[in-house]
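A.B. asks: Number 577 marks the last residue of the sequence shown (the numbering used here); no jumps.
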Amino acid sequence: MVAARTGEQYRADMNDAREVWLGEDKIAVADDPRFQGSINGMAGYFDWQHTHADICLVDDPERPGEKMNVSHVVPRTAEDLAIRHKGLEQLSRYSYGMLGRTPDYVNVVLAGHVARRDIYDAGGDPVFHERLRKFQREVIEGDLSMTHTIIHAAIDKGVPELQGMNSDLTLRVVERNDEGIVVRGAKILATLGPFADEIFVYPSAPVPAGAEEYALCFSVPVKTKGVITVCRDHYGLPEDIADRPFSSRFDEQDAFVIFEDVLIPWERVFCDGNLAVYNKISPAVSPSNTAQQITIRAMVKLEFAYDLCSQIAKVSNSDKRPEVAVMLGEIHTYMVLTRAMVIAAEARASNHSTGDEPAFFPHPDLSALRCVMPGWMMRVNDIIKHIGAHNLLATPTHAAFKNPAMGDVLRKYLPGANGMSAEERAILMRTAWDFAGSALGSRVELYEMFYFGSAGRGFMTDHMVAQMNGEGGQVKEFLKAAGAWKVPE
Ligand SMILES: Cc1cc2nc3c(=O)[nH]c(=O)nc-3n(C[C@H](O)[C@H](O)[C@H](O)COP(=O)(O)OP(=O)(O)OC[C@H]3O[C@@H](n4cnc5c(N)ncnc54)[C@H](O)[C@@H]3O)c2cc1C
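#1: For Asp192, which of helix, strand or coil comes out of DSSP?
#2: Are the CB atoms of Val202 and Thr235 nearer to each other than 8 Å?
#3: Please work out which residues of its chain come closer than 7 Å, Cβ to Cβ, to Ala393, disregarding the five sequence neighbours upstream and downstream, and give them in chain order.
#4: For Leu232, which residues from the same chain have a beta carbon less than 6 Å from its beta carbon, with the 5 sequence-adjacent residues on both sides left out?
#5: What are the start and end residues of the beta strand (DSSP E) that includes Val146?
#6: Could you tell me the distance, in whole angstroms, from the CA atom of Gln555 to the CA atom of Pro450?
#7: Just tell me which of Ser509, Val261 and Ala524 has its CA closest to the CA of Asn362.
#8: Measuring from the CB of Leu187, is there a heavy atom of ligand 1 at a distance below 7 Å?
#9: Given the structure, does Lys275 come close to ligand 1, in the sense that its CB is under 7 Å from one of the ligand's heavy atoms?
#10: In its own chain, which residues sit with a C-beta less than 6 Å from the C-beta of Phe523, not counting the 5 before and 5 after it?
#11: Take Cys144 as the anchor and find which of Arg151, Leu390, His160 and Pro152 has the nearest alpha-carbon.
#12: Is it the case that the stretch 383-397 contacts the stretch 422-430, given that we only count it when at least three CB pairs across the two stretches are under 8 Å?
#13: Could you tell me the alpha carbon to alpha carbon distance between Asp213 and Lys368, rounded to whole angstroms?
#14: Thinking C-alpha only, which one of Ile171, Ala299 and Met102 is nearest Ile384?
#15: With a threshold of 6 Å on Cβ separation, who are the neighbours of Leu457 within its own chain once the five nearest residues in sequence on each side are excluded?
#16: Taking the CB atoms as reference points, tell me whether Gly281 and Gln341 lie closer together than 8 Å.
#17: For Phe538, is the beta carbon positioned less than 7 Å from some heavy atom of ligand 1?
#18: Hey, quick one: how far does the alpha helix (DSSP H) through Lys402 stretch, first residue to last?
#19: Locate the beta strand (DSSP E) running through Gly268, then write down its first and last residues.
#20: When you measure from the CB of Thr279 to every non-hydrogen atom of ligand 1, does any distance come out below 7 Å?
#21: So if DSSP puts Glu286 in a beta bridge, which residue, or which two residues, is it bridged to?
#22: Ignoring anything shorter than 4 residues, give me the alpha helix (DSSP H) runs that lie fully in the stretch 451-489, in order along the chain.
#23: Per DSSP, His343 is paired with what?
#24: Assign Asp168 to one of two classes, buried (16 or more other C-beta atoms within 10 Å of its C-beta) or exposed (fewer than that).
#25: Buried or exposed for Leu534, going by 16 or more other Cβ atoms inside 10 Å?
#26: If you run the structure through DSSP and keep just helix, strand and coil, what is Met423?
#27: Give a single yes or no on whether Gly571 has its beta carbon closer than 7 Å to a heavy atom of ligand 1.
#28: Cβ of Gly546 within 8 Å of Cβ of Lys473?
#29: Can Asp578 be considered in contact with ligand 1, in the sense that its beta carbon sits closer than 7 Å to one or more heavy atoms?
#30: Using 7 Å as the cut-off, classify the Cβ of Met548 as near or not near the heavy atoms of ligand 1, replying yes or no.
#31: Val532 and Thr317: beta carbons closer than 8 Å?
Okay, here's the thing in structure tokens:
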């Protein structure tokens, strides 16, 4: 048992039997040289929680004298939410939002599930929520890192998600026995897959009646027999941090996860085909509880992006040119809107539970940001390219400046405006390129577009929920009040 792991402890725990494939190689994650930058980056995150222990660690309510990561707080009061906000913001500042799947993300999801005991118990059997609560204790006491893989592996979009070829690809239960359930199939992408301890599988979208075998919620250690983690190409680069501030440490490595007849012990099964529970979990947890974590990270990232763009504009002394100032103001607006939404949703937080234990979540309107945020993040990268232009590529390495044959030539021909040194220009522009244009930067943009579902699905869901909630009626109300509604009843 550990209270809150250090980077060194995290690194040691990567050394287990997990089956991870990178290209054509089955690799030992802890030892593979390609992964060392990312493992160091993740280890740094665990150290960060100790460096900022006053904000990132809180008292564990069930173990007097022990601390736990703030993201495990089950929000029961406004004060819980405020403490969690401060902690999540500080945790985000480790990578300024460039790491999307730091463990606090899924910790917050799990805390939300634990808070919604009313929904689990409405399924008729309290054992499922009791298992969930015990599982959260395991995660807290081991300070485990979790990823999630929650989207059906539906490749044929011409038929419903669980029909045709999709029905055979997607994760489902194929056997139940004394020990637990046996699951087979895949889910699309698990960010942090090879670097996590656990994979939490939980509902993201409703499953129709008749498809109960797909309605599963469970968690399984990554090292479990039959869990196959297939990594995308790795974009981390073993380079000087001054040359690649993000790629040198923050490739959080997405992976496709295949479950080849994996036994999930009963104590880790939290929902098994009960649609009354399954179909209610996501709307009950995601738009309000989970949204607090993802929008705080986005806010921190936009703050960074605004400063980054302001800095790179100074390289060419263009920050006050009207067309550049407009773009800088645009990013600032996105940041302010995000901050305002988070604050407003927290101020309108309330108890979402219908049971005895409160689930004090921000207002679900917060999730509207998921519809616009992908576009904002893409626009930020677009602005970086417009402002940076050729400068993004006129960037000698740190080592090149140290080279006696080249250093002075580079300093003479590649300075910034207003007395900015060539070294400063290069570091700023390299940071901007790593943020928006490098292989990792491009991947992060794709992440922002899709990690919380696409904007299209978000808009569509929001519209359907608004209709279900009976929003509307103003047009006829106005016309009737004005005496203009001259339509036969
Ligand atoms: C970098 C990255 C990391 C990810 N990490 C994870 C992870 O850790 N865990 C996890 O579970 N998932 C993860 N995902 C997967 C993510 O959840 C899915 O990509 C997302 O749900 C979208 O599904 P899709 O890729 O099949 O695209 P689709 O949903 O098919 O969308 C493709 C396009 O079609 C449009 N579209 C599709 N359906 C509709 C509709 N009904 N209405 C309107 N427009 C529509 C979308 O707007 C989009 O432009 C990740 C994805 C990426 C790219």
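We put the beta carbon where it would ideally sit given N, CA and C, even for glycine.
C.D. replies: Taking the structure as given:
#1: Asp192 carries a helical assignment under DSSP once its states are collapsed to helix, strand and coil.
#2: Against a cut-off of 8 Å, the Cβ pair of Thr235 and Val202 comes out as no contact.
#3: Cβ-Cβ distances below 7 Å link Ala393 to Ile419 and Val468 in the same chain, with the five nearest sequence neighbours on each side left out; the list follows chain order.
#4: Answer for Leu232: Asp285 and Glu286, listed in chain order.
#5: Start and end: Leu145 to Asp147.
#6: Spanning the two alpha carbons is a distance of roughly 21 Å.
#7: For Asn362, the closest alpha carbon among the candidates Ser509, Val261 and Ala524 is that of Val261.
#8: No, the beta carbon of Leu187 sits no closer than 7 Å to any heavy atom of ligand 1.
#9: The closest heavy atom of ligand 1 lies less than 7 Å from the beta carbon of Lys275.
#10: Apart from the 5 residues on each side of it in sequence, Phe523 sits with its Cβ closer than 6 Å to the Cβ of Gly529 in its chain, given in chain order.
#11: Comparing Cα positions, the closest option is His160.
#12: The stretch 422-430 is in contact with the stretch 383-397.
#13: Cα to Cα, Asp213 sits roughly 16 Å from Lys368.
#14: Closest by alpha carbon: Ile171.
#15: Excluding positions up to five away in sequence, the list reads Thr383 and Met429.
#16: In this structure, Gly281 places its C-beta atom within 8 Å of the C-beta atom of Gln341.
#17: At least one heavy atom of ligand 1 is nearer than 7 Å to the Cβ of Phe538, so yes.
#18: Where Lys402 is concerned, the enclosing alpha helix (DSSP H) stretches over Ala379 to Val403.
#19: In the DSSP annotation of this structure, the continuous segment of the beta strand (DSSP E) that includes Gly268 starts and ends at Gly268 to Thr279.
#20: Thr279 Cβ: within cutoff of ligand 1.
#21: BP columns for Glu286 point to Met234 and Pro309.
#22: Whole alpha helix (DSSP H) segments, 4+ residues: 457-476.
#23: Correcting the residue identity first, residue 343 is Ala in this sequence and not His. Ala278 and Cys319.
#24: Only buried fits Asp168, as 16 or more other CB atoms lie within 10 angstroms of its CB.
#25: By the 10 Å Cβ count, Leu534 comes out exposed.
#26: The three-state secondary structure of Met423, taken from DSSP, is helix.
#27: Relative to the non-hydrogen atoms of ligand 1, the Cβ of Gly571 never comes closer than 7 Å to any of them.
#28: No; because the gap between Cβ atoms is not below 8 Å, this pair is not in contact.
#29: With the chain running from 89 to 577 in the structure shown, residue 578 is simply not present.
#30: For Met548, the CB falls within less than 7 Å of some heavy atom of ligand 1.
#31: Not in contact: Val532 and Thr317 (Cβ atoms no closer than 8 Å).
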